[in-house]
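In the numbering used here, the protein residues as written are 1 to 157.
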């Protein structure tokens with residue numbers, strides 16, 4: 001299985017980017033992982049919230065192939081402990097999914113079209129985090145999940 005994380009807008013905080021790069025490298029020992037950045041929409045000041053979600057949604061959907069399984073990182077999604085998230089990843093691998101695509105949306109969330117295409121939603125927390133921090137937290141949790149599945153000493157129960 002391959003895992004892809006799509007995110008709107010680049011990470012402009014160098015410290016966060018360094019950590020994202022570190023966990024991305026660590027994760028590559030377990031699974032093929034790609035972080036793909038969708039550029040910010042231009043002239044958002046001239047767009048309504050709804051129009052911005054629609055434009056971002058079109059860009060997200062354009063990145064998908066018909067066999068991809070789309071999971072949204074969404075505040076209303078399922079929450080997991082790290083152990084349960086590792087089980088979730090294992091079930092996805094066992095199900096024969098070729099590419100599991102997680103998406104971090106823009107500041108206003110996802111368009112209706114993206115919600116319709118999604119095959120699941122995951123929430124990292126009931127708290128709100130910056131989109132740049134979510135990238136780091138999510139990639140670290142992927143890494144943690146794979147170390148749990150391999151019974152490696154990274155995660156302490």
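Don't be surprised by glycine CBs; every beta carbon is placed ideally from N, CA and C.
- Between residue 82 and the set 9, 8, 147 and 18, the nearest pair of CA atoms involves 147.
- The Cβ atoms of residue 49 and residue 143 do not sit closer than 7 Å to each other.
- Of the residues assessed, residue 11 falls on the buried side of the cut-off, its CB having 16 or more other CB atoms within 10 angstroms.
- Here residue 113 is actually not in contact with residue 64; their C-beta atoms are around 11 Å apart, not less than 8 Å.
- With a cut-off of 8 Å on Cβ pairs, the segment 8-26 is in contact with the segment 37-52, counting three or more such pairs.
- Spatial neighbours of residue 26 in its own chain (CB-CB distance under 6 Å, excluding positions within 5 residues in sequence) are listed in chain order as 143.
- Distance from the CA of residue 95 to the CA of residue 58, rounded to the nearest whole angstrom, comes to 28 Å.
- Assigned with DSSP and collapsed to three states, residue 21 falls in helix.
- In chain order, 2, 3, 4 and 5 place their CB closer than 8 Å to the CB of residue 34, counting only its own chain and leaving out the 5 sequence neighbours on each side.
- As computed with DSSP, residue 145 is found in no beta bridge at all.
- Secondary structure note for residue 52: it is in no beta strand (DSSP E), and the uninterrupted alpha helix (DSSP H) holding it is 49-62.
- Residue range 82-94 is occupied by the alpha helix (DSSP H) that includes residue 91, with no beta strand (DSSP E) assigned at that position.
- Excluding sequence positions up to five before and after residue 104, its CB lies within less than 8 Å of the CB of 5, 6, 7, 8, 73, 131, 134, 135 and 138, all in the same chain and listed in chain order.
- Distances from the alpha-carbon of residue 54 to those of 116, 98 and 71 put 116 closest.
- If you draw a straight line from the Cα of residue 157 to the Cα of residue 51, it comes to about 45 Å.
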